[in-house]
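First comes the structure, then the notes that go with it.
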Amino acid sequence: MTQPGTTGLIFNEPELWDKSREGRCGISIPRSDVPRADLDPALTGDAPELPQLSELDVVRHFVRLSQWNFSIDSGMYPLGSCTMKYNPKTNEVQAARKGFAAAHPLAGDEFSQGALKLMYELEQLLGEITGFPAVTLQPAAGAHGEFTGMLMIHAWHAKQGKQRSKILVPDTAHGTNPASASLCGYKSVNIKSGPKGILEPATVAEAMDEDTAGIMITNPNTLGLFEDNIKEVCDIVHAKGGLVYGDGANMNAVMGIIKPGELGIDVLHLNLHKTFSTPHGGGGPGSGPVAVVKDLIPFLPVPRVQKENDTYSFITNCPDSIGRMHTFYGHFGVMVKAFAYILSMGGDGLKRASQLAVLNANYIKESLKTTLDLPYDRPCMHECVFTDKGVQEYHISTMDMAKRLLDYGFHPPTVYFPLVVNAAFMVEPTETESKDDIDQFIEAVKAIVKEAASDPDKLKSAPYLPKVTRLDEVTAARKPCLKG
Amino acid sequence: MKSIEELNFPSDVKYTDDHEWAKVEGDLVSVGISDYAQDQLGEIVFVEMPEIGDSFGQGDEFGSVESVKAVSEIFLPISGEIVEVNSELEDAPELVNTDCYNKGWLVKIKPQDLSEMDSLKDQAAYLEMLKG
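These protein sequence lines map, in sequence, to chains A and B. Take the first sequence: its letter number 285 is residue 573 in this note's numbering, and every next letter is one higher. Take the second sequence: its letter number 70 is residue 71 in this note's numbering, and every next letter is one higher.
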């Protein structure tokens, strides 16, 4: 099978400052046809120092840099736990419409009815998808959403008259969960998943007490497994007066199939930039809306969008609110893209996306389970987790295989996460890859495992084809160079 | 990574299930991570240490070891007060890789109850666990 990775001409490119030449400029401004009038000297200063470049200098610079990069637009990006699915370009077109892109946050409610309507309707749609009565769009990304959710749990306990000190976090939860809990002053108590890779109610019952504020559950969890006992776990936590935080970062597996709000979860964050198809991985911006049950609505961040007689407005008069979590109203451009995605897919389309994401992951799991070690051999959700156990005898690690995949034209999967599996190799194909592309990926992994036995030294220095080959990560971490 | 046979497990230290070791040295107990742990973690780039004077119970997290692969918590084999930390690791964390039982020690503690050492695994029991 022909693999996508091949050789090609890549250009060296200096920094813009090195290309700068005195007097060179990108555009010619028309000669002034009015008399010169000097500004008040108090308002003037030295011009900012900028590189002097022609338009072509700048175009080549950024095109060349982009060619050094690996992107979803050029190849499969099966980065587990990240849902790097392809984002339809129509979402970009909608977000770039002048009415949205040029909207000013200080324009006032009266002149922002369209933007407010979009936010209001997006909240309704996300509430419908997750099964919760209210949603805030303010948080900037997933971990910020977690923090927002935990602040609301903290505020709810305070309002009950007794604050609690601990929070339960399973070993299959996302790594940012304990940090979000700690920022609220909670001590995280790590609890272990059972032999099937999911939480066992007895373990939760043993750890849950009346000094524990609740539990943070990632479902599907970071092993890509559905927490079958979720309802029972929620009942145990609720019986002791705790609340259940749901990390919805893996919502791409269950859209239109389950509603977290109906399982007993009290607070849930979503990653619009994962599940609802807006670009991420380049440093953002993301968006991490948080959905809550009825009892937590008073604690939602302000301002909130309200609809009255077909008129939309921001309200801030919410005495129990945890306050503002972001300047203005959150990352509005991301909201437009997610709104466009949800409307263009429709309810059935979203469900189909989740079904295909799960099907694709299971196809990879079944196709590779005799090639790579599969620690939990049971149906997975949107991602599957292998290890390097089978190639350790050749002194080949997960990292070596992941690096070698670049030569075959695939972005490496997530490696060494989740920690509950030793040397994890975590693949999330998403629904947007075709069977042909997935078959190519499977063949590439099989070829690499063969190379591990026949030519292990080759794998240890891979990759060979990218602009930048194997990095010295040890020196980079021990002696970091923090400036250019 | 190496096979269990290629790794070194001295008989004069005791081991925990989380792959730390502890060794009684006079009134104090030295603590580090085992050869298996450093081999699994790979090249260590940073060790986060407790403060001198901090007290921890048996099995409490007292710091973390960061390798290029992951950050792992480290747990105190027996309860006690931190009286010394290996400051050499600040500039040379690789000592944990190259000499985990000697120059790569992490902390020394004043033990609260030395009999807790009996709850740890000896060389034979630890090897048996690793071979599983």
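For glycine and all other residues, C-beta sits at the position ideal for the given N, C-alpha and C. From a predicted model like this one, the values you see are computed outputs, not experimental measurements.
Please work out which residues of its chain come closer than 6 Å, Cβ to Cβ, to residue i, disregarding the five sequence neighbours upstream and downstream, and give them in chain order.
i: Asp19 of chain B; result: Phe76
i: Tyr696 of chain A; result: Gln291, Gly293, Ala732
i: His614 of chain A; result: Gln426, Ala428
i: Val30 of chain B; result: Ala23, Ile110, Pro112
i: Lys582 of chain A; result: Pro421
Name, please, each residue of chain A whose Cβ falls closer than 7 Å to the Cβ of residue i.
i: Val1 of chain B; result: A question about residue 1 of chain B goes unanswered here, because the residues of chain B that appear run from 2 up to 133.
i: Val46 of chain B; result: Val762, Ala765, Arg766
Just to confirm my understanding: we take residue i, look at its own chain, exclude 5 residues before and 5 after, and list those with CB closer than 7 Å. What are they?
i: Ile441 of chain A; result: Ala501, Gly502, Leu531, Tyr533, Val555
i: Arg624 of chain A; result: Checking the sequence shown, residue 624 of chain A turns out to be Val, not Arg. Closer than 7 Å at the Cβ level, and outside the excluded window around Val624 of chain A, lie Gln382, Ala383, Phe388, Leu406.
i: Gly512 of chain A; result: Ala649, Cys668, Met669, His670, Glu671, Cys672, Val673
i: Leu656 of chain A; result: Phe674, Ile730, Val733
i: His683 of chain A; result: Pro744
i: Asp539 of chain A; result: Here residue 539 of chain A turns out to be Met, not Asp, going by the sequence shown. Result list for Met539 of chain A: Leu558, Thr563, in chain order.
Under 8 Å between beta-carbons, which chain A residues line up against residue i? List them in chain order, please.
i: Pro94 of chain B; result: Arg766
By Cβ distance, which residues of its chain are closer than 8 Å to residue i, with the 5 residues on each side in sequence left out?
i: Lys307 of chain A; result: Pro339, Leu341, Asp345, His349
i: Ala495 of chain A; result: Leu456, Val477, Ile479
i: Leu753 of chain A; result: Gly293, Thr294, Thr295, Leu694, Asp695
i: Glu515 of chain A; result: Ile486, Leu487, Ile505, Asn507, Pro508, Asn509, Val521
i: Leu331 of chain A; result: none
i: Lys70 of chain B; result: Leu42, Gly43
i: Glu49 of chain B; result: Gly64, Ser65, Val66, Glu67
i: Phe10 of chain B; result: Tyr16, Ser35, Asp36, Tyr37, Gln124, Tyr127, Leu128
i: Gly333 of chain A; result: none
Which residues in chain B sit within 7 Å of residue i, going by Cβ to Cβ distance?
i: Ser685 of chain A; result: Met2
i: Tyr704 of chain A; result: Lys70, Ala71
i: Leu707 of chain A; result: Ala71
i: Gln680 of chain A; result: Met2
For the ligand ADP, I want to know if residue i counts as a neighbour, meaning its beta carbon is within less than 7 Å of at least one of the ligand's heavy atoms.
i: Leu77 of chain B; result: By its list of ligands, the structure shown contains no ligand whatsoever, and the ligand ADP lies outside what it can speak to.
On the criterion of 16 or more Cβ atoms from any shown chain inside 10 Å, does residue i qualify as buried, or is it exposed?
i: Thr99 of chain B; result: exposed
i: Val347 of chain A; result: exposed
i: Phe299 of chain A; result: exposed
i: Asp214 of chain B; result: Nothing about residue 214 of chain B can be read from this structure; chain B reaches only from 2 to 133.
i: Cys522 of chain A; result: buried
i: Thr763 of chain A; result: exposed
i: Glu498 of chain A; result: exposed
i: Pro548 of chain A; result: buried
i: Phe728 of chain A; result: For the record, residue 728 of chain A in the displayed sequence is Gln; it is not Phe. With 16 or more Cβ atoms within 10 Å of its Cβ, Gln728 of chain A is classed as buried.
i: Met714 of chain A; result: buried
i: Ser580 of chain A; result: A small correction: the amino acid at residue 580 of chain A is Val; Ser does not occupy that position in the sequence shown. By the 10 Å Cβ count, Val580 of chain A comes out buried.
i: Pro700 of chain A; result: buried
i: Val322 of chain A; result: exposed
Quick one: which chain B residues come within Cβ less than 8 Å of residue i?
i: Gln728 of chain A; result: None at all; the shortest Cβ gap to chain B is about 28 Å.
Does the segment 711-726 of chain A touch the segment 386-395 of chain A, meaning 3 or more C-beta pairs lie closer than 8 Å?
no
Can you find at least 3 beta carbon pairs, one from the segment 365-385 of chain A and one from the segment 628-637 of chain A, that sit closer than 8 Å?
yes
Start-end ranges of the alpha helix (DSSP H) lying completely within the segment 351-402 of chain A, minimum 4 residues
List check, alpha helix (DSSP H) in window: 377-383, 386-389.
Is the segment 407-425 of chain A close to the segment 446-453 of chain A, with three or more CB pairs under 8 Å?
no
Which whole runs of the beta strand (DSSP E) in the segment 648-714 of chain A are 3 residues long or more, in chain order?
672-674
Is there contact between the segment 704-712 of chain A and the segment 733-741 of chain A, where contact requires at least three CB pairs shorter than 8 Å?
no
Return the chain-ordered ranges of every alpha helix (DSSP H) run that is complete within the segment 718-767 of chain A and spans a minimum of 4 residues.
723-742, 744-748, 761-766
Pick out the complete beta strand (DSSP E) segments inside the segment 29-76 of chain B, 3 residues or longer, and give them in chain order.
29-34, 45-49, 62-68, 72-76
Does the structure place the segment 25-45 of chain B close enough to the segment 64-81 of chain B that three or more beta carbon pairs sit under 8 Å?
yes
Which residue spans inside the segment 512-562 of chain A form an unbroken beta strand (DSSP E) run of at least 3?
531-535, 555-557
Within the segment 446-476 of chain A, note down every full alpha helix (DSSP H) run reaching 4 residues or more, in order along the chain.
465-471
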